[in-house]
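Q: Take this structure first; my questions come after.
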């Protein structure tokens, strides 16, 4: 009899363990942004989209629609910089759906962002965590020397003026020559300026201008040959932003922001 009771007790213990569900299945169904709550979106010319994953803690045997909205108070990007539908779907049997944002390259302003709120979903609740996503826009063009040669506009802080210059390819794909860069200033002995591009990663490019003669500084006093040197950044969509130091044998005139923009 004692053996029978022990066996029955053991069977009962096994039965209780098999019927006990993990806590996750007993909890409320929640929906949230799964991977992160912010990201950078490099918008390329032409068709371009960014997909943001949204997850639910349980699967359903039917498709479930979820709704998002733009948080206008926190969004800094113009509405014409992107397009976004309000409703998306997590398919039956799946735990993940996606919010799709389409960037408009022509209207994107670097550093501006859209903030997206999860609003509601059929058969689940919006979590009180990871329920808002900030997507920051940046224009992006594949690096191509062919697209960066040609006519540019120099906006010169040193001269407090702007004018058109021509840039041609140098000895390799990362070298450029700004022809007679300061010629329009009217000073004598103006020189071509060599600008080197340094690729840091797929989206980051820096500029290096080694010390070189630019023109003869015949101001109120003839200072002789004036040299420039410095560096900056390259926006592969067509901007070279440089900080250059202007020096002569007698000393320096200081550093100035010289910006070239592709025409």
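Numbering (mature numbering (1 follows the signal peptide of the UniProt record, and there is no 0)), first residue to last: -20 to -1, 1 to 243.
Positions of the beta carbon are idealized from the N, C-alpha and C atoms, including for glycine.
Small disclaimer: the values here were computed from a predicted structure and weren't measured.
(1) Here's the rule: buried if 16 or more other CB atoms are within 10 angstroms of the residue's CB, otherwise exposed. What is residue 53?
(2) Roughly how far, in whole angstroms, is the beta-carbon of residue 136 from the beta-carbon of residue 238, given that I think they are within contact range, below 8 Å?
(3) Is residue 275 buried or exposed, if buried means 16 or more other CB atoms sit within 10 Å of its CB?
(4) In the DSSP assignment, what residue or residues form a beta bridge with residue 223?
(5) DSSP beta-bridge partners for residue 173?
(6) Do you know offhand how far residue 74's Cα is from residue 39's?
(7) For residue 57, which residues of its own chain have a beta-carbon under 8 Å away from its beta-carbon, when the five flanking residues on both sides are left out?
(8) Start and end of the beta strand (DSSP E) containing residue 149?
(9) Pick out whichever of 216, 223, 235 has its Cα sitting closest to the Cα of residue 271.
(10) For residue 55, which of helix, strand or coil comes out of DSSP?
(11) Nearest CA to the CA of residue 192: which residue from 183, 200, 178, 173?
(12) If you reduce the DSSP assignment to three classes, tell me which class residue 197 lands in.
(13) Within the chosen definition, does the segment 176 to 196 reach the segment 205 to 220 through at least 3 CB pairs nearer than 8 Å?
(14) Let's see if you can read the secondary structure: which residues bound the beta strand (DSSP E) around residue 63?
(15) I need the boundaries of the beta strand (DSSP E) containing residue 19, first residue and last residue.
A: According to the structure data:
(1) exposed
(2) 6 Å
(3) Shown here, the chain extends from -20 to 243; a query on residue 275 therefore has no answer.
(4) 211, 237
(5) 158
(6) 6 Å
(7) 88, 89, 92, 93, 94, 117
(8) 141 to 149
(9) No answer is possible for residue 271: the residues shown for the chain start at -20 and end at 243.
(10) coil
(11) 173
(12) strand
(13) yes
(14) 62 to 64
(15) 18 to 23
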